[in-house]
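K.L.:
Pasting a structure below so you can have a look.
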Amino acid sequence: MPYYRSVGEVPPKRHTQFRRPDGGLYAEELMGQEGFSSDSSLLYHRHLPTAIVAAEEFDPPAHIRSPNRPLKPRHLRTHKLDAGPADAVLGRQPLLANDDVRISYVVADRPSPLYRNAIGDECLYVEAGALTVESTFGVLRLEAGDYGIVPTSVVHRLVPDGAARVLTMEATGHIGPPKRYLSVRGQFLEHAPYCERDVRGPSEPLQSDDENVEVLVQHRRGWTRHVYAHHPFDVVGWDGCLYPWAFSIHDFEPITGRVHQPPPVHQTFQGPNFVVCSFVPRKVDYHPLAVPVPYNHHNVDSDEMMFYTGGNYEARRGSGIEQGSISLHPSGFTHGPQPGAVERALGLEAFDELAVMVDTFRPLDLCDAALACEDSGYAWTWAGRPAT
């Protein structure tokens with residue numbers, strides 16, 4: 001994250017003696033990215049964070065990836081995936097994936113196990129409901145419209161309030177604000193569509209005295225179940241620039257112009273070989289001859305996934321898109337507004353739409369859950385055939 005926080009108790013100088021009330025030393029843990037060359041935080045534990053008493057392989061729910069063949073636009077209706085009881089980690093239903101990111105959907109109604117993703121950062125988007133991220137850094141609450149970023153290897157669990165609909169993006173690297181929004185020292189610049197005031201992090205430690213605690217670890221060679229001698233939530237304080245954080249899509253300030261602006265103005269985060277963009281209610285183009293909806297475009301280097309999460313998306317009207325829909329417009333195919341959308345948009349002054357877009361620079365495969373909720377008629381709607 002781009003700025004420093006200090007939570008709970010920390011010593012005045014790092015890497016120095018910091019003692020418990022009984023005189024023993026707290027255990028200092030450095031959590032850092034890119035070796036010792038990027039953002040980090042120091043956490044102070046009551047017990048050794050290295051003490052495990054058991055480890056065994058764990059088999060997560062399986063899924064199958066298939067190439068997007070034949071190549072065509074796809075429409076996924078995620079609300080058709082509503083299943084039985086699920087948690088927000090093991091209950092995820094993978095939809096789209098490549099070697100950089102996996103995009104899943106879950107309706108979570110129960111707490112997840114303690115979990116650590118040792119492959120990359122995770123970005124959670126709450127479509128509806130609310131949930132709490134409990135972690136070694138403390139408590140972070142997410143509500144509808146919130147993005148939550150959980151850095152690599154943070155031990156956490158996800159606790160929904162009732163049922164929460166969540167889109168998850170699991171990266172194979174780090175997710176953060178676009179570099180062009182930040183100064184060389186990491187401060188948000190004046191042209192950035194959000195800033196430090198919009199970002200939330202944990203505000204106090206979260207502690208547990210439990211022993212022999214299971215943590216599921218997703219790592220580069222599979223999954224492992226670790227049993228820790230003491231609960232990882234035993235941190236009395238931490239400081240640094242690396243921690244789970246949240247940002248509301250409703251705090252994204254849209255960038256507009258006299259004529260239609262390209263998708264990079266909507267960029268919110270960047271990840272390894274992908275970007276995340278936010279489309280929010282906004283005034284639209286004010287040139288007297290402006291065409292507010294997007295022009296037909298062919299992004300030759302990227303696949304475009306759009307998750308429709310509120311309002312009315314003018315460019316897709318008539319295609320069957322609805323709340324919770326996901327469209328996939330792959331590279332190798334020109335896409336654009338639905339028939340009649342250009343004419344209908346002329347003269348409009350504002351769009352009332354809410355959507356999360358992920359553009360990837362490697363093709364996205366289809367997972368079995370995507371095929372199970374696909375609207376198979378979507379690709380033909382530009383030719384005047386009705387969506388199914």
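Its first residue numbered 1, the sequence shown is counted upward by one per residue in full-length UniProt numbering. Just so you know, even glycine gets a beta-carbon here, dropped at the ideal spot from N, CA and C. Every value quoted in this text rests on a predicted model; they were computed, and no experiment measured them.
Determine the closest residue to H174 out of V154, L364, S112, with distance taken between C-alpha atoms.
P.N.:
Cα-wise, what sits closest to H174 is V154.
K.L.:
Among P263, E322, D39, Y26, which has the Cα closest to the Cα of F279?
P.N.:
Closest option to F279, Cα to Cα, is P263.
K.L.:
What does the alpha-carbon distance come out to for the pair G347 and D239?
P.N.:
Each residue's alpha carbon lies about 51 Å from the other.
K.L.:
Do F351 and R225 have their beta-carbon atoms positioned less than 7 Å apart in this structure?
P.N.:
No, the Cβ-Cβ distance between R225 and F351 is not below 7 Å.
K.L.:
Taking the beta carbon of A62 as the centre, do at least 16 other beta carbons fall within 10 Å, making it buried, or is it exposed?
P.N.:
When all chains shown are included, A62 counts as exposed.
K.L.:
For the putative contact between S327 and M306, defined by C-beta atoms under 8 Å, what is the C-beta separation to the nearest angstrom?
P.N.:
Confirmed, about 5 Å.
K.L.:
Taking the straight line between their C-alpha atoms, what separation do you get for E9 and L95?
P.N.:
Cα to Cα, the separation comes out at about 42 Å.
K.L.:
Look at S40 and L30 and say whether their C-beta atoms are less than 7 Å apart.
P.N.:
Result yes, Cβ atoms of S40 and L30 sit closer than 7 Å.
K.L.:
May I ask which residues mark the beginning and end of the beta strand (DSSP E) holding V342?
P.N.:
No beta strand (DSSP E) contains V342, which is instead part of the alpha helix (DSSP H) from 341 to 345.
K.L.:
According to DSSP, is H250 helix, strand or coil?
P.N.:
Note: H250 maps to helix in three-state DSSP.
K.L.:
Which residues does DSSP pair with E34 in a beta bridge?
P.N.:
DSSP output for E34 lists no bridge partner at all.
K.L.:
When the distance is taken between beta carbons, is E374 closer than 7 Å to G311?
P.N.:
Their beta carbons are not under 7 Å apart, which means G311 does not touch E374 by this criterion.
K.L.:
Going by beta carbon distance, what residues of the same chain come within less than 8 Å of L48, once the five residues before and after it are set aside?
P.N.:
The residues are A27, A229, H230.
K.L.:
For G24 and P151, what's the separation of their Cα atoms in angstroms?
P.N.:
If you take the alpha carbons of G24 and P151, they lie about 30 Å apart.
K.L.:
Mapping DSSP to helix, strand and coil, what is E374?
P.N.:
If DSSP states are grouped into helix, strand and coil, E374 belongs with the strands.
K.L.:
If we ignore side chains and look at the alpha-carbon of each, how far apart do N68 and S376 end up?
P.N.:
Roughly 13 Å between the two C-alpha positions.
K.L.:
Beta carbon of L76, beta carbon of A370: below 7 Å?
P.N.:
Cβ distance < 7 Å, so L76 and A370 count as in contact.
K.L.:
Tell me which same chain residues have a C-beta within less than 7 Å of the C-beta of G138, skipping the five on either side of it?
P.N.:
The answer, listed in chain order, is V7, P202, S203, E204, P205, L206.
K.L.:
For S104, is the classification buried or exposed, using 16 other Cβ atoms within 10 angstroms of its Cβ as the cut-off for buried?
P.N.:
It is buried - the Cβ of S104 has at least 16 other Cβ atoms within 10 Å.
K.L.:
For the beta strand (DSSP E) that H230 lies in, which residues bound it at each end?
P.N.:
Segment 222 to 230, the beta strand (DSSP E) holding H230.
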